[in-house]
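Positions 1 to 315 (the numbering used here) are the ones given, in order, by the sequence shown.
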Amino acid sequence: MTDPTTRALSLLGLLDSRGSWTAADLAERLGVTSRTIRRDIDRLRALGYVIEADGGPGGGYLLGRGQVMPPLLLDEGQAVSVTLALMKAARHDSGIEAEAALRALSTIDAVIPASLRARLGALRESSLVPEQGGGVDATALLTCADGVRRQRRLTFTYRDRFGTLTERNVEPHRLVMRGGTWKLVAYDLGREDWRTFRVDRLGGAEVGTWQFTPRVGAEDAAARLDEPVPPTAWRHPFTVHVSAPLADVEQSMPRLAGRFRAVDDTHCEFTTGVDDPEEAACWLARMPFDFHVSGDDAVKLSLARLARRLHEAAG
């Protein structure tokens with residue numbers, strides 16, 4: 001990060017996100033040297049920010065106690081341009097870049113004047129969702145980003161894939177986009193374990209006043225999003241036996257479609273599941289190999305119905 005103004009704003013955001021930072025930690029996060037961090041700290045102090053330094057062992061920098069960040073000095077045109085740029089990054093980037101854009105939007109939302117915030121609200125609501133996704137509430141998304149940025153507990157209601165509604169109290173650690181859907185990686189205090197939540201399924205999200213210490217395990221929990229969903233998580237688990245080599249099937253199927261296993265050189269199988277058997281019948285019909293299904297009767301009945309319809313359609 002070479003631009004001094006951008007770096008100074010990022011530095012200010014980091015200082016606001018938690019109690020204390022060492023110069024080495026700040027330098028690593030911003031990709032600069034500790035000497036550059038000290039110069040940027042002096043630049044912020046010259047602008048009027050109270051930044052305290054603890055010179056003892058393990059000491060670091062922190063924003064002055066009781067200090068309130070002033071309103072961000074952007075006119076309406078500048079605010080719209082910055083908001084659009086960050087929303088574009090949140091929609092099109094991936095990994096930490098998209099998450100950082102969301103946290104930046106949350107930071108701007110917290111410090112711009114209330115009148116300007118209201119005018120930008122409709123813009124966020126209409127533009128923040130990924131192009132391939134839909135249904136996500138921009139307010140809920142920014143609330144989650146705010147909880148991640150400030151390391152504050154979140155409370156919300158959550159409706160799972162089966163329609164069950166529960167109350168959740170979590171420590172939010174990461175926001176990750178997978179398959180066009182934003183997911184919150186959090187430590188669920190009620191379950192005493194890591195959980196991932198689809199943001200489009202949560203409601204009434206509120207940031208609490210309790211600040212938590214980040215837990216070990218967030219990266220492992222986020223990495224599990226790149227693994228296939230266990231078949232037992234679906235209403236209709238089943239196994240597909242395919243008359244083709246494993247390598248050919250893996251190339252033609254999404255990596256997260258199921259758990260693949262080679263039977264021999266010319267046959268393989270994968271175990272998967274669905275909530276809607278009709279949906280399974282449709283995507284199985286597009287498979288370019290001979291196959292048969294074992295396991296769930298509802299999926300087999302849906303395949304049989306689709307086969308009859310296609311046979312009748314062909315005359």
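All C-beta atoms, glycine included, are put in the ideal place defined by N, C-alpha and C.
- Residue L44 holds the alpha-carbon nearest to the alpha-carbon of L12 among R39, L44, T22.
- Annotated as proximal: D146 and V207, with beta-carbon spacing under 8 Å.
- Distance between D200 and R159, taken at the CA atoms: about 9 Å.
- Using a Cβ-Cβ distance cut-off of 8 Å, the segment 211-223 and the segment 235-252 are not in contact, since fewer than three pairs of beta carbons, one from each stretch, lie closer than that value.
- When secondary structure is reduced to three states using DSSP, S294 falls in the strand class.
- CA-CA distance, R309 to R150, rounds to 55 Å.
- Going by beta carbons, R153 and E171 fall inside the 8 Å limit.
- Taking a 10 Å sphere around the C-beta of A140, we find 16 or more other C-beta atoms and assign the residue as buried.
- The beta carbon of A281 is closer than 6 Å to those of S302, L303, L306 in its chain, skipping five residues each way along the sequence.
- Under DSSP, C268 forms a beta bridge with V242, A262.
- Nearest in C-alpha terms to M287, of all of S294, G258, M253, D275, is M253.
- Residue pairing for W283: DSSP places it in no beta bridge.
- When DSSP states are grouped into helix, strand and coil, R198 belongs to the strand group.
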